[in-house]
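Peer 1:
In the working numbering, the protein residues as written are 7 to 523.
Okay, here's the thing in structure tokens:
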């Protein structure tokens, strides 16, 4: 019997639609045979359900509901609206419904969708629900935003910068980064910097941790005992520090070898231990300085349970890690100095799957989050999708298996990228990073707000004559945003020497004019 013949064929279609792949072959005996492979029809999906005007409203107001949906093949879509579980329309092609409520109360509106090719005759392919309130008090003017906004630089005459911020249980903020108070004279080394601020940005206390070499703090999280866990580097090794609620060190652990190692991201796990993502040069098969992605799992005392080193011949970096709902871990970073890398691992560190996302240029993932609706969102940068050679901020949404559902790029003619992403309470996303496309030329701290589909709602650039950039962002309890980064434009910062910069915005990303330094 002759060996099997294998052949590959790749096709790119300019539009969505249903195709049939036909394969014809001729055997050695000149016998023709063919194979038809129909491409599976994909079920339609609802993107969102919106109400105009929005909740709450008074009884008697006409409210228009609109369902936004898509079908990969362009099949006809049928919609059906429900009110508190009761069907209000039959299946039809109209994606809108006008509702005029007569009584106060809370109502649940549901939209169902089908294309007739998947679900049964009276079943749906997708559904979406939205709660709406009818309240006589809604006729009163809405109160002005109560969101506090301000910005503060912190530091001295040397290098001081912020890498990570989180709102604490008491409404204040915990920040980590690096400080070098004597660097302006060209002497001294940096230390890990941890400080606590109240809700107005006033510093309550600060701590520094370090040795004779350069040390950095890259990520901080409040732990279940009200203390804090920090990861970064100490003299070229990965450093893990545990403190109490006042920043006093309880213990620290150092992991590393003879080359450079550092931690980029840390999270407390469900059992009270910790998961750390970072970089190690200890097992690199190429030149020193390239590095491999390093994942370390510890118990609650910082004792290593296991670690995993992943990578190829080039630079492979772990930038962000999060424990997932199934007890495993999702990690993003850089693969082979080329591609954005997404890895899913089980609770024992066994790799379940991995995905790479790339174009014609370098791409890297800086932050990843599992979202409640299922799947993951990644923020980073790509140099390949904007039509120029500079980086754009890249936002990618995947399903639970890492399959890309959509991606968006944001930016201008110069370099722009995202360092941090978080899903907001309305299902959208907030991203912090840096933009060189704002017109000032030296780089500005950049805040981008999107809806749940990645469509930009607004963006803000903060900065002055010198370079300023954002490293970390979180939505706050008052629906505003807290951003940590660094500034060369304000405070004691100047070109080449930075101050840590903390910005608290309202829900629209604004800070008062008088607060702008």
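For glycine and all other residues, C-beta sits at the position ideal for the given N, C-alpha and C.
Given the structure is predicted, the values throughout are model-derived calculations rather than measurements.
(1) Determine which residues share a DSSP beta bridge with residue 464 and list them.
(2) Would residue 341 and residue 322 be called neighbours here (beta carbons separated by less than 9 Å)?
(3) How many whole angstroms separate the CB atoms of residue 102 and residue 67, which I take to be in contact at a CB cut-off of 8 Å?
(4) Under the assumption that residue 561 contacts residue 81 (Cβ atoms under 8 Å), give the Cβ distance between them as a whole number of angstroms.
(5) Check whether the Cβ atoms of residue 235 and residue 272 lie closer than 9 Å to each other.
(6) What does a CB cutoff of less than 7 Å around residue 274 pick up in its chain, not counting 5 residues either side in sequence?
(7) Would you please state the rounded distance, in angstroms, between the beta carbons of residue 417 and residue 401? I believe it to be under 8 Å.
(8) Between the beta-carbon of residue 505 and the beta-carbon of residue 167, is there less than 9 Å?
(9) As a quick exercise: from 350, 397, 484, pick the residue whose alpha carbon is nearest that of residue 376.
(10) Cutting at 6 Å between CB atoms, please list the residues of its own chain near residue 303, excluding the five before and the five after it.
(11) With a Cβ-Cβ cutoff of 9 Å, do residue 457 and residue 485 count as a contact?
(12) For the beta strand (DSSP E) containing residue 357, name the first residue and the last one.
(13) Within 10 angstroms of the Cβ of residue 202, are there 16 or more other Cβ atoms? Answer buried if so, exposed if not.
(14) Rounded to a whole number of angstroms, what is the C-alpha to C-alpha distance between residue 306 and residue 508?
(15) Where do the N-terminal and C-terminal ends of the beta strand (DSSP E) with residue 303 fall, by residue?
(16) Look up residue 505 in the DSSP assignment and say whether it is helix, strand or coil.
(17) Using the C-alpha atoms, what's the distance from residue 337 back to residue 293?
(18) When DSSP builds the beta bridges, which residues end up paired with residue 244?
(19) If you draw a straight line from the C-alpha of residue 86 to the C-alpha of residue 353, how long is it?
(20) For the putative contact between residue 464 and residue 514, defined by C-beta atoms under 8 Å, what is the C-beta separation to the nearest angstrom?
(21) Report back the beta-carbon spacing between residue 491 and residue 477 to the nearest angstrom; my notes put them in contact at under 8 Å.
(22) Considering only DSSP beta bridges, list what residue 440 is partnered with.
(23) Which runs of the beta strand (DSSP E) fall wholly inside the region 205-235 and span at least 3 residues, in chain order?
(24) Rounded to the nearest angstrom, what separates residue 548 and residue 153 at their Cα positions?
(25) Just how far apart, CA to CA, sit residue 364 and residue 128?
(26) Are residue 260 and residue 245 touching if we call contact CB-CB under 9 Å?
Peer 2: Looking at the coordinates:
(1) 455
(2) yes
(3) With 8 Å as the limit, residue 102 and residue 67 do not qualify as a contact, their Cβ atoms being about 16 Å apart.
(4) Only positions 7 to 523 of the chain appear in this structure, which leaves residue 561 out of reach.
(5) yes
(6) Shown here for residue 274: same chain residues with a beta carbon closer than 7 Å to its own, the five before and five after excluded, namely 227, 229, 230, 235, 280 in chain order.
(7) That belief does not hold up - the Cβ atoms of residue 417 and residue 401 are roughly 11 Å apart, past 8 Å.
(8) yes
(9) 350
(10) 281, 311, 312
(11) No. Outside cutoff.
(12) 357-363
(13) buried
(14) 30 Å
(15) 298-304
(16) strand
(17) Its pLDDT being 46, under 50, residue 293 is placed unreliably in this model, and the value from its coordinates should be taken loosely. Going by the C-alpha atoms only, they are around 24 Å apart.
(18) 239, 261
(19) 42 Å
(20) 7 Å
(21) 5 Å
(22) 423, 451
(23) Segments of the beta strand (DSSP E) lying fully in the region 205-235: 209-215, 221-228.
(24) What the structure shows of the chain is the stretch from 7 to 523, and residue 548 is not part of that stretch, so it cannot be assessed.
(25) So the two alpha carbons sit approximately 42 Å from each other.
(26) At a Cβ-Cβ threshold of 9 Å, residue 260 and residue 245 count as neighbours.
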